[in-house]
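Below is one structure, written out as structure tokens; the observations come after it.
Residue numbers (the numbering used here): 4 to 423.
Structure (structure tokens):
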């Protein structure tokens, strides 16, 4: 028994390393493409709304890819699912490159939808890190995969927008082309790394069946998530945090550009926002394993509220408030996603996890897409300051939901103890 446990622990460590080798280039690819898309859309069309819509397509593509990706993983395992997701992301980056060179807006939309599939792959990778984890290290395992995203994701916006600044504005939309060349190559590297090295498949090992036995995403999986109190809280936390993060992040670069800030400064803001999203994830994972997911989700909501309020009081021409505010929103998002993923995973048996995880990711990314679209319209009709205020209220609402859930769970435990 001990020898078997040691073998599984060793395979778990190997799985984490292989997943990290995939999410690093994929994270760089995704953020390089995302950082350029709103500005590229604005350059092609002259419309801030269409620029924001291009950015929203990342979340929309991730949402659309969630269930098919979950179905592939249920049937073929994590290795095939992740490698296919990254390969589709590479094809999307090539469409983005074509859009930049020839100034074709519909190609940018299609490309960002496909890059969104790569984003769905990175979201699913965090769950793959927990397939062979124990209850004692589940959140930390998820966080280690997310943490590896930091390196690539931080460099992505800086490289993508930095290269556009070096080329110069006189080249029009074509100056954004290098960001998509970079994204296409790195998504391909991520796909190859996972396809060649993620063996044996961690999901198939966890389920103990090389030829099936994993529940596919379905309406029954959604009902199962809704029926389980902690799974329900996890999904609500991830959805609302994603909405706040995507809503503010979609329009912040355009708001800063209106204030006359350089692309390099905007790229720095995006990079530090992503540092907040991923760099502290191992610490947050350890804390989650110690004190529990609900409290960490609640703390993350409060941090996001503070960040949104700071951003709301910052003028378009001042960088510091935007950088600090978006950094804090990133940290709050990290708390919700690490703790929420751990809560959701622990709520179901291994053979049922893919279905619940895919369902959760669809709902999470759909909320992000809705928030991104709404953010563009809100800024056009009102202002970025109002949008950030509303994001603060959403975060406070999440903190209240967590408090209610914790109290209810405590009462249930007290009732069970009294009954016994």
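Note that CB positions come from ideal geometry on N, CA and C, so glycine has one too.
ask   = If we call anything under 8 Å between Cβ atoms a contact, is residue 115 one with residue 159?
value = No, they are not a contact pair.
Residue 200: first and last residue of the uninterrupted alpha helix (DSSP H) it sits in: 180-200 is the span of the alpha helix (DSSP H), which, as asked, contains residue 200.
task = Take residue 219 and list the residues in its own chain whose beta-carbon comes closer than 8 Å to its own, dropping the five residues that flank it on each side.
result = The answer, listed in chain order, is 73, 74, 77, 78, 357 and 358.
Cut-off 7 Å between Cβ atoms - residues of its own chain near residue 143, not counting five sequence neighbours on either side:
The residues are 285, 288, 289 and 292.
_Option nearest residue 49 by Cα separation, candidates 261, 331 and 282_ = Comparing alpha-carbon positions, the option among 261, 331 and 282 lying closest to residue 49 turns out to be 261.
- What number of angstroms, rounded off, separates the C-alpha of residue 393 from the C-alpha of residue 210? If you take the alpha carbons of residue 393 and residue 210, they lie about 43 Å apart.
With a cut-off of 8 Å on the beta carbons, I'd call residue 304 and residue 374 a contact; round off their distance for me. Actually they do not touch by this definition, with Cβ atoms about 15 Å apart.
Answer yes if the segment 30-39 comes into contact with the segment 187-199, meaning at least three C-beta pairs across the two stretches below 8 Å, and no otherwise.
The way I'd put it, the segment 187-199 does touch the segment 30-39; three or more beta-carbon pairs between them come closer than 8 Å.
task = Can you have a look at residue 351 and say buried or exposed, based on whether 16 or more other CB atoms are within 10 angstroms of its CB?
result = By the C-beta density criterion, residue 351 is buried, having at least 16 other C-beta atoms within 10 angstroms.
Can you give me the Cβ contacts of residue 175 inside the same chain, cut-off strictly under 8 Å, excluding the 5 residues immediately before and after it? Excluding residues up to 5 positions away in sequence, 46 and 106 lie with their Cβ nearer than 8 Å to the Cβ of residue 175 in the same chain.
> Where does residue 141 land, buried or exposed, given buried means 16+ other C-beta within 10 angstroms?
Replying inline: Burial of residue 141 is indicated by the presence of at least 16 other C-beta atoms within 10 angstroms of its C-beta.
Note to self: Using only CA atoms, which one of 91, 229, 253 and 367 lies nearest to residue 42?
What the structure shows: Residue 42 has its Cα closest to that of 253, out of 91, 229, 253 and 367.
Worksheet item: Between the segment 330-338 and the segment 274-281, are three or more C-beta pairs nearer than 8 Å?
Response: Below 8 Å, enough C-beta pairs join the segment 330-338 and the segment 274-281 to call them touching: three or more.
Within 10 angstroms of its Cβ, does residue 387 collect 16 or more other Cβ (buried), or is it exposed?
-> A buried status is given to residue 387, since no fewer than 16 other beta-carbon atoms sit within 10 Å of its beta-carbon.
- prompt: Within this structure, are the beta carbons of residue 164 and residue 320 separated by less than 8 Å?
  reply: The Cβ atoms of residue 164 and residue 320 do not sit closer than 8 Å to each other.
Q: Count the other C-beta atoms from every protein chain shown that fall within 10 angstroms of the C-beta of residue 410, then say buried if there are 16 or more, exposed otherwise.
A: Exposed, since its Cβ has fewer than 16 Cβ neighbours within 10 Å.
According to DSSP, is residue 217 helix, strand or coil?
Coil.
Residue 371: which of 336, 201, 355 and 93 sits nearest, CA to CA?
When each option's Cα is compared against that of residue 371, the closest is 336.
ask   = Distance, Cα to Cα, residue 39 vs residue 415?
value = A straight-line Cα-Cα distance of about 49 Å links residue 39 and residue 415.
Straight-line CA distance for residue 399 to residue 308?
When rounded, the distance between both Cα atoms is 6 Å.
ask   = Under the three-state reduction of DSSP, which class applies to residue 264: helix, strand or coil?
value = Reduced to three states, the DSSP call for residue 264 is coil.
Subject >> Reference residue 273, options 327, 300, 302 and 224, closest by Cα >> reply: Of the candidates 327, 300, 302 and 224, the one whose C-alpha sits nearest the C-alpha of residue 273 is 327.
DSSP state of residue 204, grouped into three classes?
The answer is coil: DSSP assigns residue 204 none of H, G, I, E or B.
So, helix, strand or coil for residue 11, using DSSP?
Helix.
Between residue 389 and residue 201, what straight-line distance do the alpha-carbon atoms span, to the nearest angstrom? Roughly 46 Å between the two C-alpha positions.
message: If contacts are defined as beta-carbon pairs under 8 Å, then residue 112 and residue 61 qualify, I think. What distance do you get, rounded to the angstrom?
response: Rounded, the Cβ-Cβ distance is 11 Å, inconsistent with contact.
- [ ] Could you check if residue 137 is buried or exposed, using at least 16 other CB atoms within 10 Å of its CB as the buried criterion?
- [x] Residue burial annotation: residue 137 is exposed, with fewer than 16 other C-beta atoms found within 10 angstroms of its C-beta.
Which of the three DSSP states, helix, strand or coil, is assigned to residue 231?
-> Looking at residue 231 - three-state DSSP - the assignment turns out to be coil, as it is neither helix nor strand.
*Which listed residue (187, 395 and 93) has its alpha carbon closest to that of residue 246*: It is 395 whose Cα lies nearest to the Cα of residue 246.
Exercise for the section: Would you mind sorting residue 222 into buried or exposed? The rule is 16 or more other CB atoms within 10 Å of its CB. Expected result: When all chains shown are included, residue 222 counts as exposed.
Q. Could you give the distance in angstroms between the alpha-carbon of residue 99 and the alpha-carbon of residue 108?
A. Within the model, the alpha-carbon separation for residue 99 versus residue 108 is close to 9 Å.
Q) How long is the line joining the alpha carbons of residue 342 and residue 363, rounded to whole angstroms? A) Cα-Cα distance, rounded: 13 Å.
| Is residue 148 near residue 124, with beta carbons less than 8 Å apart? | Not in contact: residue 148 and residue 124 (Cβ atoms no closer than 8 Å).
query: Who are the Cβ neighbours of residue 66 in its own chain at under 6 Å, not counting the five residues just before and after it?
result: So the qualifying residues of the chain are 365, 368, 369 and 372.
Inset, instruction - Below 8 Å CB to CB, which residues in the same chain sit around residue 21 once its five sequence neighbours on both sides are set aside? - result: For residue 21, where only same-chain residues beyond five positions count, the Cβ hits under 8 Å are 196, 197, 200 and 201.
Check: By the 10 Å Cβ neighbour count, where 16 or more other Cβ atoms means buried, how is residue 310 classified, buried or exposed?
Finding: Flag for residue 310 reads buried.
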